[in-house]
Every structure is written in C-alpha cells, then in structure tokens.
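> Using our numbering, read the sequence shown as starting at 1253 and increasing by one per residue.
Just so you know, even glycine gets a beta-carbon here, dropped at the ideal spot from N, CA and C.
Remember, it's a predicted structure, so these values are computed and weren't measured experimentally.
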Amino acid sequence: MNLKPLKGQHHVSAITANAQKNYEFYTNTLGMRLVKKTVNQDDTSMYHLFYADERGNPGTDLTFFEIPNAGRTYRGTDSITCTFLRVPTDDSLLYWKKRLEDHGVSHEDIRKGGTRMVLFFEDFEGQLLALISDQGNGGVKGGSPWARSPVPQEHGIIGLGPVMLTVSDLGPTEEMLTEVMGFRKKGPYTLEVNGENTVHVYETGEGGNGAEIHIIERPDLAQQRPGRGSVHHVAFRVEDEEELRRWIQKLKEQRIASSGFVERYYFKSLYFREPNGILFELATDGPGFEGDEPFEHLGEKLALPPYFEGQREQIEARIKPLNTKSP
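(1) Between V1445, E1318, E1276, G1447, which lies nearest to D1294 when the distance is taken from Cα to Cα?
(2) In angstroms, rounded to a whole number, what distance separates the CA positions of E1353 and R1363?
(3) Here's the rule: buried if 16 or more other CB atoms are within 10 angstroms of the residue's CB, otherwise exposed. What is K1289?
(4) Assuming E1306 and A1399 form a contact by the criterion Cβ under 8 Å, report the distance between their Cβ atoms to the nearest whole angstrom.
(5) Compute the distance between the beta-carbons of D1386 and N1461, then report whether it is under 8 Å.
(6) Beta-carbon within less than 8 Å of Q1563's beta-carbon, same chain only, minus the 5 sequence neighbours each way: which residues are those?
(7) Are Y1278 and T1576 closer than 8 Å when you measure CB to CB?
(8) List the endpoints of the continuous alpha helix (DSSP H) containing K1350.
(9) Which same chain residues, not among the five before or five after G1434, have their C-beta less than 8 Å away from its C-beta?
(10) DSSP three-state call for K1520: helix, strand or coil?
(11) My guess is that M1298 and N1292 are in contact by the Cβ rule of under 8 Å, so how many angstroms apart are they, rounded?
(12) With burial defined as no fewer than 16 other Cβ atoms inside 10 Å of the residue's Cβ, what is the status of H1549: buried or exposed?
(13) Which class does I1530 belong to by DSSP, given the choice of helix, strand or coil?
(14) Going by DSSP in three states, V1291 sits in which element: helix, strand or coil?
(15) So is Q1566 buried or exposed if we call it buried at 16+ other beta carbons inside 10 Å?
(16) Compute the Euclidean distance between the alpha carbons of K1553 and E1568, then round it to the nearest angstrom.
(17) Could you give the DSSP three-state label for F1560: helix, strand or coil?
(18) Kindly give me the distance between the Cβ atoms of V1263 and D1313, rounded to whole angstroms, as I take these residues to be in contact under 8 Å.
(19) Need the endpoints of the alpha helix (DSSP H) that P1424 sits in, please.
(20) G1543 to V1419, Cα distance in whole Å?
(21) Measure the alpha-carbon distance for A1509 versus G1411 and round it to whole angstroms.
(22) Which of the three DSSP states is assigned to P1579 in this structure?
(23) Nearest-angstrom Cα distance between P1579 and Q1501?
(24) If you run the structure through DSSP and keep just helix, strand and coil, what is L1380?
(25) In the segment 1389 to 1439, which residue ranges form an unbroken beta strand (DSSP E) of at least 3 residues, counting only runs that do not cross its ends?
(26) Tell me whether N1309 sits in a helix, a strand or coil according to DSSP, three-state version.
(27) Per DSSP, what kind of secondary structure is K1364 in: helix, strand or coil?
(28) For V1483, which of F1373, G1390, I1332 has the nearest alpha-carbon?
(29) For F1317, which residues does DSSP report across the bridge?
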C-alpha cells in the first residue's frame, strides 16, 4: 500500500492531578498558549487541556488529562520517559536556564544530546521534559510562539521536539517503527540519564527535531507505574482523513490491533500499541482548533465538540472551574 511518510509528532498527551497548577506552569512559566480547554472525550468528567504555539499548529501541542486522584508515577521501562520542547537557538537555552532558576524549577545543566544542545528539567509533578535547541536543525518546521506570551518570542517554545521512549526490548519496537511506520534509523548517541545509556534515533518525514523518536533499551528496569506526571501517549501526523483511512487499512492487513477510526472533532485519530505496550496515535493535521473559537479567544471558554454540546450543563457541573486569568 502506497502511504505517505508520517510527518512527525502531532501531540503528546500526559496526566496531571491539578489542572489549575498545570495551567499556571505551562502558560506562566513555560509561556505556551492554552489553545483549547475541553474535556476528555472518553471520560467527560475530566479536563483535556491543549498547550501549543499561537494557534495550536500540529506538531506543537502538549496536552493534559486531569485525573485529580492520580497517584505518583513510579518511573520505569516500556513508557514515554521524556518530551522535548523546541526553542530557537543555543542562546535560548541560556535564557531558559535562568528563567527556570528564577521560577524555582528543578533542572540540569545545559549539555549535548546527540548533535544538539539540551536542557533537562521537571515540571511540578515530576514529569521529565527537555528544551532542545533548533539551531542548525533543519527538518520539519516549528510553529510560532504567541505574541502575548510572558516569554520573549525570540526564545519561545516553537513545538515538540523528539519524544524519548524507554523499552525493555528494542527489537520489536524498532521493527514497528521502521517496517510498519516508515521511520528511518539514524546514528545513536550516548546520554547520561540514570546511568550511561545508548540512545537509538529514528526519524520520519523531513526529519529534524520535530520528527524524531529517541529510544533507550533498559531490560533491567521494572515497568513504569503511571500516575500524575506520566505521559499517556504520543501522536504522529498524517495529512488528512483519506490518508488516515489508508493507515487503518494497512494496520488491519498487518494484523495489528487498533481502535479504527476515531472522531475527535479537532482532528481524526487512530490508536494502537507498539510491541512494548506504549500507546501510539495517528492524527490528522486538521481541522484544527478554530472551528469553534476565533484565534483571538482560543482556550478562554470550555469548548465542547457538537456531539457533546447537549450535555454541557451536566459536564460543567462535574468539573471544577479553571481560572485562566493571567496573574
């Protein structure tokens, strides 16, 4: 079947136990824009918050499901262990190092991660994140930081960078990426994270920061027990619904279990698990976030897809109001 290469990361979705603190951290500290305040379509009692560039372009979205009673995460293997966020230059990392210090955010020193400079840090719930310099990166284009962000645009986050997986058995995951999903293998690098690790790199589409998966093989670790601060899934970009339906057919032919077509209103989706159990999603680039809110007011009110609008009163009664006023 003739399929176009996946275009790179679409979004990463994680878990928070506190939507209010989550909003404050990702907008006021990291300077991302809340482009959509909605609910988890599989459980409308919880928020689903989307942070991104100025208009939520595909490849820039970091999203969160709020599960108020979520316990702590016990880190381990067979999980998404780090989400990288792209910033324009190496100098931007110097700006960010000082900003994280000023905001009391736990972080490491700036160092090299493969061919690029990176700055690892944790959010308030212990989620491991890293800022990665786009200097000399090339590859898939980043987004545009919001003009009203508290972070200067020249240093603002421009999208998702590589997503790091830790797996107990690299072989089957590599086969899924290269033989089924069309990723290309690149040269590995060494990274000191809980010991010295070989990081295996795979890229798709135009390549570069926004289209890479980095994988560490750790058969010695226990499996992660997810909770607040853990990553739920990573989604990859497909052009449109027609292309998504081709992928559905391909997975069916390969006898890979999947969700089939899922309507998310802001995009169309397909879910499946790679061999170590990590949840992957394929998501279309459109329609996007401006179908129910104008650009100037994205994320200001609770947005519900039309098929949930009739339940608005019940949904709003179950979720705690979120204060999105800037301090």
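Reading off the structure:
(1) Within the sequence shown, numbered from 1, the residue matching residue 1294 stands at position 42. When only C-alpha atoms are compared, the closest one is E1318.
(2) Here residue 1353 is taken as the residue at index 101 of the sequence shown, counted from 1. Here residue 1363 is taken as the residue at index 111 of the sequence shown, counted from 1. Cα to Cα, E1353 sits roughly 16 Å from R1363.
(3) Here residue 1289 refers to the residue found at position 37 when the sequence shown is read from its first residue. Buried.
(4) Taking the sequence shown and counting its residues from 1, one reaches residue 1306 at position 54. Taking the sequence shown and counting its residues from 1, one reaches residue 1399 at position 147. Contact holds; Cβ gap of about 7 Å.
(5) By one-based count along the sequence shown, residue 1386 stands at place 134. By one-based count along the sequence shown, residue 1461 stands at place 209. Contact: yes.
(6) Along the sequence shown, read from residue 1 onward, the residue named residue 1563 stands at position 311. Excluding residues within five positions, the ones whose Cβ falls inside 8 Å are T1296, L1556.
(7) Translated into positions along the sequence shown, residue 1278 becomes position 26. Translated into positions along the sequence shown, residue 1576 becomes position 324. No, Cβ-Cβ distance for Y1278 and T1576 is not below 8 Å.
(8) Mapped onto the sequence shown, residue 1350 falls at position 98. Start and end: 1342 to 1354.
(9) Working through the sequence shown from its first residue, we reach residue 1434 at position 182. Here the set comprises L1255, P1257, L1258, T1456.
(10) By 1-based counting over the sequence shown, the position of residue 1520 is 268. In the structure shown, K1520 sits in a strand (DSSP, three-state: E or B).
(11) For the purposes of this step, residue 1298 is taken as residue 46 along the sequence shown, with counting starting at 1. For the purposes of this step, residue 1292 is taken as residue 40 along the sequence shown, with counting starting at 1. Going by Cβ atoms, the distance from M1298 to N1292 rounds to 5 Å, so yes, they are a contact pair.
(12) Numbered from its first residue, the sequence shown carries residue 1549 at position 297. H1549 is exposed by the Cβ-count criterion.
(13) Taking the sequence shown and counting its residues from 1, the one referred to as residue 1530 is at position 278. I1530 falls in the coil class under three-state DSSP.
(14) Locating residue 1291 in the sequence shown gives position 39, where the first residue counts as 1. DSSP places V1291 in strand when its eight states are reduced to three.
(15) As a position in the sequence shown, residue 1566 is number 314, starting the count at 1. So Q1566 counts as exposed.
(16) Here residue 1553 is taken as the residue at index 301 of the sequence shown, counted from 1. Here residue 1568 is taken as the residue at index 316 of the sequence shown, counted from 1. K1553 and E1568: Cα-Cα distance of roughly 11 Å.
(17) Here residue 1560 refers to the residue found at position 308 of the sequence shown. The answer is helix: DSSP assigns F1560 an H, G or I state.
(18) Taking the sequence shown and counting its residues from 1, the one referred to as residue 1263 is at position 11. Taking the sequence shown and counting its residues from 1, the one referred to as residue 1313 is at position 61. Checking the displayed sequence, the identity of residue 1263 turns out to be His instead of Val. Between D1313 and H1263 the Cβ distance is about 4 Å, and since that is below 8 Å, they are a contact.
(19) In the sequence shown, the residue the question calls residue 1424 occupies position 172. Element bounds for P1424: 1422 to 1427.
(20) Indexing the sequence shown from 1 puts residue 1543 at position 291. Indexing the sequence shown from 1 puts residue 1419 at position 167. Going from the Cα of G1543 to the Cα of V1419 covers about 38 Å.
(21) Indexing the sequence shown from 1 puts residue 1509 at position 257. Indexing the sequence shown from 1 puts residue 1411 at position 159. So the alpha carbons of these two residues sit roughly 30 Å apart.
(22) Residue 1579 sits at position 327 when you count from the first residue of the sequence shown. Since pLDDT at P1579 reaches only 43, below the 50 mark, its modelled position is unreliable, and no value is offered.
(23) Along the sequence shown, read from residue 1 onward, the residue named residue 1579 stands at position 327. Along the sequence shown, read from residue 1 onward, the residue named residue 1501 stands at position 249. Bear in mind that the predicted position of P1579 carries a pLDDT of just 43, short of 50, making it too unreliable to give a figure here.
(24) The residue you call residue 1380 lines up with position 128 of the sequence shown. Residue state, collapsed to three classes: strand.
(25) 1411 to 1419
(26) Walking along the sequence shown from the start, residue 1309 turns up at place 57. Here N1309 sits in coil by DSSP.
(27) Here residue 1364 is taken as the residue at index 112 of the sequence shown, counted from 1. If DSSP states are grouped into helix, strand and coil, K1364 belongs with the strands.
(28) As a position in the sequence shown, residue 1483 is number 231, starting the count at 1. Ranking the options by Cα distance to V1483, first place goes to I1332.
(29) Indexing the sequence shown from 1 puts residue 1317 at position 65. DSSP output for F1317 lists I1267, H1300 as bridge partner(s).
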